[in-house]
Amino acid sequence: MSFILLVEQILNGLQFGIMLFLMAAGLTLIFGVMGLINLAHGSLYMIGAFAAATVAGYTGSFVLALAAALAAAAIVGAIVELVVIRRLYDKDHLDQVLATFALILIFSEGTRWLFGSFPLFLDIPDYLSGPVTLPGGIQYPLYRLFLIVVGLLIALGLGALITKTRIGIQIRAGENDREMIAALGIDISRLYTLVFALGAGLAGIAGALVGAIQSVQVGMGEPVLILAFVVIVIGGIGSMKGALIGAILVGLTDTLGGIFLPELLKLFTDPATATSVGSSLASMAIYILMGAILIWRPTGLFGAKS
Numbered sequence: 001m002s003f004i005l006l007v008e009q010i011l012n013g014l015q016f017g018i019m020l021f022l023m024a025a026g027l028t029l030i031f032g033v034m035g036l037i038n039l040a041h042g043s044l045y046m047i048g049a050f051a052a053a054t055v056a057g058y059t060g061s062f063v064l065a066l067a068a069a070l071a072a073a074a075i076v077g078a079i080v081e082l083v084v085i086r087r088l089y090d091k092d093h094l095d096q097v098l099a100t101f102a103l104i105l106i107f108s109e110g111t112r113w114l115f116g117s118f119p120l121f122l123d124i125p126d127y128l129s130g131p132v133t134l135p136g137g138i139q140y141p142l143y144r145l146f147l148i149v150v151g152l153l154i155a156l157g158l159g160a161l162i163t164k165t166r167i168g169i170q171i172r173a174g175e176n177d178r179e180m181i182a183a184l185g186i187d188i189s190r191l192y193t194l195v196f197a198l199g200a201g202l203a204g205i206a207g208a209l210v211g212a213i214q215s216v217q218v219g220m221g222e223p224v225l226i227l228a229f230v231v232i233v234i235g236g237i238g239s240m241k242g243a244l245i246g247a248i249l250v251g252l253t254d255t256l257g258g259i260f261l262p263e264l265l266k267l268f269t270d271p272a273t274a275t276s277v278g279s280s281l282a283s284m285a286i287y288i289l290m291g292a293i294l295i296w297r298p299t300g301l302f303g304a305k306s
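Here it is in structure tokens:
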């Protein structure tokens with residue numbers, strides 16, 4: 001493998017991981033503060049992508065498309081929290097799973113009814129298209145670098161929000177003792193709605209950003225949701241730092257595993273078998289990684305020790 005190909009795949013893995021972080025961060029907030037298992041989080045990712053594709057199609061503006069994705073997902077998230085999720089806080093996790101799974105079906109069929117079964121396409125704007133030359137003469141797509149930078153900026157902003165602001169203090173307090181902050185006069189219902197809308201907005205912006213490099217279609221959020229849950233388990237439930245590190249690990253493992261494992265197996269078997277078996281192992285690599293980390297640290301890399 002050439003050095004240039006290796007760097008390109010590392011950057012691809014980093015970009016994939018950063019996008020996973022935007023999904024996992026919302027799930028971490030929602031579960032950490034509310035104790036809610038939200039299987040419908042992938043549907044909010046899909047809503048953001050469809051909102052962005054629709055607005056971009058009408059206006060031709062990528063910036064407006066991203067704003068629409070953020071707003072649409074956050075508004076839908078707030079409505080869902082007010083109408084459905086608020087009734088589930090005192091229920092057990094099985095009720096939460098069943099209710100949010102029902103939301104997946106509702107959102108999927110509703111989206112198919114509105115937009116049809118055919119995928120939409122969100123074009124990369126001209127000012128972000130084409131390659132950029134990195135040190136060492138490496139050519140890499142500008143838009144993927146844009147995704148990495150934007151994702152890291154959002155991660156920094158989210159970290160500042162949680163650690164430096166009043167609402168962040170309330171969010172962290174809600175993770176530790178929600179009864180106490182309610183007793184201190186903080187409107188816990190309002191806080192829950194805000195947190196859910198924030199998590200939904202993060203999923204929506206992730207869907208819009210990724211929608212420019214893949215088709216926007218019904219059901220696109222569910223595979224990403226599964227990986228986001230893997231990220232949370234690896235990083236540690238309730239840890240934003242863990243979500244970021246876990247997402248990058250998953251992104252790099254998924255991307256590099258698809259290259260290195262077939263090449264490694266070619267040392268021991270014929271190329272056709274090595275490619276087939278290596279591809280199968282690569283698809284399992286992130287779950288093997290998750291299992292290994294849980295054996296070492298059952299609470300995840302940055303989860304609270306039990």
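Numbering-wise (my numbering), the sequence shown opens with residue 1 and increments by one.
Note that beta-carbon positions come from the ideal geometry of N, C-alpha and C, so glycine has one too.
- Boundaries of the beta strand (DSSP E) harbouring residue 132: 131 to 134, taken from the DSSP string.
- The beta carbon of residue 137 sits closer than 8 Å to those of 4, all from its chain and outside the five residues before and after it, given in chain order.
- In the DSSP assignment, residue 259 falls within the alpha helix (DSSP H) that extends over 240 to 265.
- Of the candidates 146, 148 and 204, the residue whose Cα lies closest to the Cα of residue 66 is 204.
- Counted as a single uninterrupted DSSP element, the alpha helix (DSSP H) harbouring residue 271 occupies residues 271 to 296.
- Per DSSP, residue 141 is one residue of the beta strand (DSSP E) stretching across 138 to 141.
- Contact between residue 130 and residue 142 holds: CB atoms are separated by about 6 Å, below the 8 Å threshold.
- Ranked by Cα distance from residue 125, the options 60, 116 and 78 are led by 60.
- Residues of the same chain with a CB within less than 7 Å of the CB of residue 242, apart from the 5 flanking positions on each side, are 235, 236, 300, 301, 302 and 303 in chain order.
- Scanning its chain for C-beta atoms nearer than 8 Å, with the 5 sequence neighbours on each side dropped, one finds around residue 74 the residues 197, 198, 200, 201 and 204, in chain order.
- Collapsing the DSSP output to three states places residue 230 in a helix.
- Around residue 154, the same chain offers 22 as residues with beta carbons nearer than 7 Å, after the five sequence neighbours per side are excluded.
- Straight across, the Cα-Cα distance linking residue 232 with residue 99 is about 21 Å.
- In the three-state reduction of the DSSP assignment, residue 224 falls in the helix class.
- Put simply, the backbone Cα of residue 210 is about 8 Å away from that of residue 19.
- Pairing residue 95 with residue 103 gives a Cβ-Cβ distance that is not under 9 Å.
- Listed as beta-bridge partners of residue 120 by DSSP are 216.
- For residue 4, the three-state secondary structure derived from DSSP is helix.
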